[in-house]
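Numbering (my numbering), first residue to last: -8 to 560.
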Ligand code: PEP
Ligand code: MG
């Protein structure tokens, strides 16, 4: 059976489909007659759960850090907690209800109590209790549990959406592809899938897919095949081989310059989320880091990372790049990136709400801690600081003045701070329209096309029904980009693009033609773009871009680029 979803991350994945249901189990009231038997059932579920958690821990021990492994110890303690057990027994006895129903009630009481606490640490424990009690309930009700950690054969994961905490559990030795219901091309799970080189498709009704069936996904065009025929399997195995061959070709471009046929050089740099990602910058020969999304340090943690922890992380990244540029973006929390331990007011439109630099101003201490860590780390490399979601000049000036204040403070404490640039992301149309004015105060621009497209088209980047509006080559977007590159040239600044758009060859050619000097992308795409770029002359790319700016639809522009590429000019 063939289905079509939205292509998110390229590559062919072949494996056994496993659907992971992340919704909480609905436990119905059930009166019981035998209290003792419910006690026994509960004890059995506890020992089953403990066994499962111990297995997960054992399987993960070589891959995960000690800190992450400690989470499993906390889970083991919750599973065997005597207070929970005695409360469950009391409910069973006093109300004649099933062990599952009693446990569900006890769990809800604990979760509410922990969530109501001010301390971030205890709030986080609410998630642990939810996690463990759901496992206990599933065991009580004989609902099968699939643990990512216990997967040990080639698997295609079907899931509503990937949460950041699941990412550390993805073992790419066995997970060969991901299909999700949620998430557009620029959702954060999409970004992670690309970083890991995992094929991914979204916008599919994952719940209806049957687990344990042989499955193929083609991440380049969004095809999903369940129970493929022998011919289909042979076809995709061949495609997979071709893909691997192309990868080999790509690796021949390691160590070469990123330049056009006529010698116009650009920088091809990496988007990373954590210090451990520097392994990919090396593997794919990135010419620096164009975007470090620092919020992943916060998302991967149970509490706010301290100044010291952040300092170590930034230092590692800066040192790994030597004198190559490293653009580190200050926290972009909010939107689809929420911290369980940060109290945030409910917002009807989080993507239009207190996100990124707006949140930094609201949580000033958080921001200042980050800046201190960044400036202290500046002595280890070539740091460029960048603020996300700048809508107006005043926001940039305010953020910059905080940085300069902290710099003075550090210098007065005899802490060394190296020179660094301060730039901004252009991801809100207002800032592209005002680039000419903003260019008088910034050191560089980096265009975040994921958000620039979302905000220009007024279409939620997570909403699968609106993926047709994700049009990086729409003339509206190209004209905004052109405004930024023109302003930046006039003021002798440089402009990069760090949205997902930069990683596709067609788009990269257009961006370079528009005057973008730095393309930042998932490291796995760098060599592909380097290889393609060498086939074209810069002046032809410029002419191509000028022509595109006169066209009226994305379709026309795609046709224009396709025929340009076909001619191999
Ligand atoms: C962007 O918006 O293009 C971008 C790079 O930032 P993020 O995807 O993290 O919002
Ligand atoms: Mg953005």
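Glycine included, C-beta positions come from ideal geometry on N, C-alpha and C.
Q: Could you check what DSSP says for residue 349 in three-state terms: helix, strand or coil?
A: helix
Q. Just curious, the alpha helix (DSSP H) that residue 77 is in, first and last residue?
A. 73 to 86
Q) By a C-beta neighbour count over all protein chains shown, 10 Å radius and 16 as the cutoff for buried, is residue 459 buried or exposed? A) exposed
Q: Below 8 angstroms on the Cβ atoms is my guess for residue 321 versus residue 379; work out the distance and round it to an integer in Å.
A: 7 angstroms
(Q) Which runs of the beta strand (DSSP E) at least 3 residues long sit entirely within the stretch 11 to 61? Give them in chain order. (A) none
**Q.** the ligand MG heavy atom lying under 7 angstroms from the CB of residue 379
**A.** yes
Q: Select from 532, 497, 530 and 505 the residue whose C-alpha is nearest the C-alpha of residue 520.
A: 497
(Q) Once the 5 residues before and after residue 277 are set aside, which same chain residues still bring their CB inside 6 angstroms of it? (A) 260, 261, 514 and 517
Q. In or out: residue 559 buried (at least 16 other Cβ within 10 Å) or exposed?
A. exposed
Q) How big is the Cα-Cα spacing for residue 166 and residue 483? A) 46 angstroms
**Q.** Closest by C-alpha distance to residue 319, when choosing among 412, 237 and 329
**A.** 412
Q) What span of residues does the alpha helix (DSSP H) with residue 316 cover, start to end? A) No alpha helix (DSSP H) contains residue 316, which is instead part of the beta strand (DSSP E) from 316 to 320.
Q) If you draw a straight line from the alpha carbon of residue 40 to that of residue 121, how long is it in whole angstroms? A) 13 angstroms
Q.
Using only Cβ atoms and a threshold of 5 angstroms, which residues come within that distance of a heavy atom of the ligand MG? Order them by chain position.
A. 418, 439 and 442
Q. Span of the beta strand (DSSP E) holding residue 428?
A. First-last for residue 428: 426 to 429, but that is the alpha helix (DSSP H), not the beta strand (DSSP E).
Q) Under the criterion of a Cβ to heavy atom distance below 7 angstroms, does residue 490 qualify as lining the ligand PEP? A) yes
Q | Own chain partners of residue 471 with C-beta closer than 7 angstroms, once the 5 adjacent residues on each side are dropped | A | 420, 423, 443 and 447
Q: Measure the CB-CB distance between residue 209 and residue 3 and report whether it falls below 8 angstroms.
A: yes
Q: Quick one: residues in its chain with C-beta nearer than 7 angstroms to the C-beta of residue 325, no 5 flanking neighbours on either side, listed in chain order?
A: 341, 344, 345, 346, 347 and 350
**Q.** Alpha carbon of residue 462 to alpha carbon of residue 468, nearest angstrom
**A.** 8 angstroms
Q) Hey, is residue 284 close to the ligand PEP, as in C-beta under 7 angstroms from one of its heavy atoms? A) yes
Q: Determine, using beta-carbon pairs with one atom in the stretch 134 to 148 and one in the stretch 24 to 32, whether at least three such pairs fall under 8 angstroms.
A: no
Q. Rounded to a whole number of angstroms, what is the C-alpha to C-alpha distance between residue 404 and residue 449?
A. 47 angstroms
Q. So, using beta-carbon positions, are residue 218 and residue 453 closer together than 8 angstroms?
A. no
Q) Looking at the unbroken alpha helix (DSSP H) that takes in residue 566, where does it start and where does it end? A) Residue 566 lies beyond the residue range present for the chain, which begins at -8 and ends at 560; the question has no answer from this structure.
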